[in-house]
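In our numbering, the protein residues as written are 57 to 524.
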C-alpha cells in the first residue's frame, strides 16, 4: 500500500493554514480528518511523502466526485490524452507486423541445439523484503534505510522468521502478504542486480542488502531447479521466435534512427528533471514545443514528456529524479525512438480511423466510470436536506479509508486528474502536513504498541555481545 500511495505524490503547498492539509476549490481537508485516516494504518510510515500523497489522493477523488455529481457519464471529459498511448501502441504493432518480416520456423533438432548451446533453463524460487527510499532522499535517509535492513538481516540470521518479517515490514504490496514470496522465475525476469544476487545464493541463504531501481532488498533463495529440454521446449521455442522478432525490429529501428539521427537537445536533462519535480506545471505553447530530443524533421517535446509523466504517475517521476544523467538520456532516446515509429506508421497510412478512436474513447470512459463506482463516488448517499458538498466530502473520506485498509484499490487518475484540476484553486499546506505527522506520532505513542510496532523493534543483543 505504501508503494501505491506514494506513487500519487505530487503538487506543492502554498500559503500556510495549520488546521488544513489541503484545499480544492471550496472543499477543505483538515488535519483532524487526515489523522483519523492514518492513525490506525501502522503499515504506513509517518513520513512527509505519505501525507502529501494522501492529500493529492483527496484532491483527485474530490474533483472526480464533483464531476460525477454533475455528469455521471463523464461525457464532458476530453480523453484524447488518455487514449493516445493506446492509439500509438496499435499503430506501432501494425507497423511491425507490416514491415518486420522474419522466418520464425525452427525444427525440433535446431531448437534442441540452440538450447544446449546456452546454459540450461534455471528456475529460481525466492522471497524478498523491500524497503524504498523517500522521494529525493538525502544520503542520510538512504543510509538509514540500509541500516534498518541490515538490522533485519541480523534478526533473520539469529533465527527470526523471514516470512513474518516480510509480511509485516516489506514495502512490496504484491508479495508482502505472502511473506515476500515471489514464486518461481527465470533468467531475465528480474532486474539485473536482483538476479545476480539470487544466482549467488544457495537454497536457504539470505543475501546482503541489494540495491535495485525499486529500492533495497533482502533476498532468500528458497529453491533452485534446472529444467530439461523436454520440459521447456514449448516455452523455449516461443522465446527464440520472440528474440528473432526483437532482432529484426532492432534492425528496422536502427535504420530509422540512422536516417533521422536523433540528438539530445542542450539543457534537455535539466528541463526533464524540473518537470518531474513539478508535473502540475502548466507550459505555454512555446515551452511545450521545446525539443528535448530533435532530429531531421521532428522532435520529442517537453509537452509530450509532461503528458507522459502525468499518465505514468509517481514511479516514473521517481525514476527521473533518482536516475543518473545516462539513465535519463537513455529514457529520452527511447521516447524519441517510439515517436519515430509512430511517425513512420502514420506515413504508412496506419493511423486508426475515427470509428476505432471513438471505440477506444468509449471504453476508457466506461472504465473510468466503473472505477468511480468502485470507490463509491459515482452515486452519492445524500441525506434529505444535506448539501451536496457535505455528501461528497464524506464519500471521499470513505473511499480513501477503504483504499488504505485494502478493501478497494487506489484509482490513479493520471492525465484525467490534471484535467480535473484545470481552473480549480489547489493547495497543499506544509504546516498542515507537519501537524498530521506530529498528531499521528503522538496518538500512537500514547497507546500500547501494536503487534506490528513490536515486530519492528530489533531483538536485544546479549550483554556480552554489547560489551564487545
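Every residue, glycine too, gets a C-beta built ideally from N, C-alpha and C. Note that this is a predicted model, so its numbers are computed, not measured.
Its Cα nearest to that of residue 148, the residue 401 stands out among 482, 460, 401, 159. Minimum Cα-Cα distance from residue 90 among the listed residues 181, 78, 263 corresponds to 78. Residue environment: residue 160 is assigned as exposed (fewer than 16 neighbouring CB atoms within 10 Å of its CB, all protein chains considered). At least 9 angstroms separates the beta-carbon of residue 104 from that of residue 491. Check the Cα spacing between residue 430 and each of 254, 227, 94, 120: the tightest is with 120.
Taking a C-beta distance under 9 angstroms as the contact criterion, residue 209 and residue 274 qualify as a contact pair. When secondary structure is reduced to three states using DSSP, residue 279 falls in the strand class. With a minimum length of 4 residues, the unbroken runs of alpha helix (DSSP H) contained wholly in the stretch 334-359 fall at 341-344.
Between residue 421 and residue 98, the C-beta spacing is not below 9 angstroms. When C-beta atoms of the stretch 398-414 are compared with those of the stretch 365-380, fewer than three pairs fall below 8 angstroms, so the two segments do not count as touching.
Per DSSP, the beta bridge partners of residue 80 are 83, 482. When beta bridges are read from the DSSP output, residue 183 appears opposite 237, 276. Spanning the alpha carbons of residue 463 and residue 396 requires a straight line of approximately 43 angstroms. Taking the Cα of residue 233 as reference, the smallest distance to any Cα among 298, 184, 188 is reached at 184. By a beta-carbon distance limit of 8 angstroms, residue 272 does not contact residue 262. Their separation comes to about 14 angstroms.
Residue 221 has its alpha-carbon roughly 25 angstroms from the corresponding atom of residue 498. Beyond the five residues adjoining it in sequence on each side, residue 157 comes within less than 8 angstroms, by CB distance, of 304 in the same chain, given in chain order. Nearest Cα to residue 335 within the set 110, 296, 368: 368. Excluding the 5 residues flanking it on each side, residue 459 has same chain C-beta neighbours closer than 6 angstroms at 466, in chain order.
With respect to the C-alpha of residue 388, the residue from 409, 187, 322, 450 having the closest C-alpha is 322. Per DSSP, the unbroken beta strand (DSSP E) holding residue 267 starts and ends at 266-268.
Looking at the DSSP output, residue 107 bridges to nothing. Using a Cβ distance threshold of 9 angstroms, residue 445 and residue 83 count as a contacting pair. By DSSP's assignment, residue 319 forms a beta bridge with 350. For residue 251, the enclosing alpha helix (DSSP H) covers residues 248-255. Contact check between the stretch 333-350 and the stretch 308-322: three or more CB pairs, one atom from each, fall below 8 angstroms, which counts as touching.
Annotated three-state conformation of residue 496 is helix, per DSSP.
Checking the DSSP bridge columns, you'll see residue 271 partnered with 268. The C-beta distance from residue 438 to residue 449 rounds to 11 angstroms, too long to meet the 8 angstroms contact threshold. In this structure, DSSP gives residue 327 a helical state, which the three-state scheme calls helix. Around the beta carbon of residue 485, 16 or more other beta carbons lie within 10 angstroms, which makes this residue buried. For residue 218, the uninterrupted alpha helix (DSSP H) segment begins and ends at 218-225. Short of 6 angstroms from the beta carbon of residue 392, and not among the five residues preceding or following it, lie these beta carbons of its own chain, in chain order: 318, 349, 356.
Rounded to whole angstroms, residue 217 and residue 178 show a C-alpha spacing of 26 angstroms. DSSP lists 282 as the beta-bridge partner residues of residue 178. Between the alpha carbons of residue 502 and residue 93 lies a gap of roughly 17 angstroms.
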